[in-house]
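Numbering (my numbering), first residue to last: 24 to 77. C-beta atoms are modelled at their ideal positions from N, C-alpha and C, and glycine is treated no differently. Right, one structure below, let's go through it.
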């Protein structure tokens with residue numbers, strides 16, 4: 024997978040408001056199936072998921 028384009032449009036009405044990555048509506052393109060897929064939701068916690076594998 025590679026990132027071809029990334030755009031962020033700032034909204035001046037939200038100046039000073041903390042933003043969350045969960046509010047991003049990202050999509051991914053699969054060149055093999057020629058499909059777009061929605062990327063959403065948190066999938067794990069950093070530094071904790073690896074401990075479950077031990």
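What are the uninterrupted segments assigned as alpha helix (DSSP H) that are 4 or more residues long and contained completely in the region 43-74, given in chain order?
none
Closer than 6 Å by C-beta to residue 54: which residues in its own chain qualify, once you throw out the five before and the five after it? Chain order, please.
none
Alpha-carbon spacing of residue 75 relative to residue 66, whole angstroms:
14 Å
How about residue 44 and residue 61: do their beta carbons lie closer than 8 Å?
no
How big is the Cα-Cα spacing for residue 47 and residue 64?
10 Å
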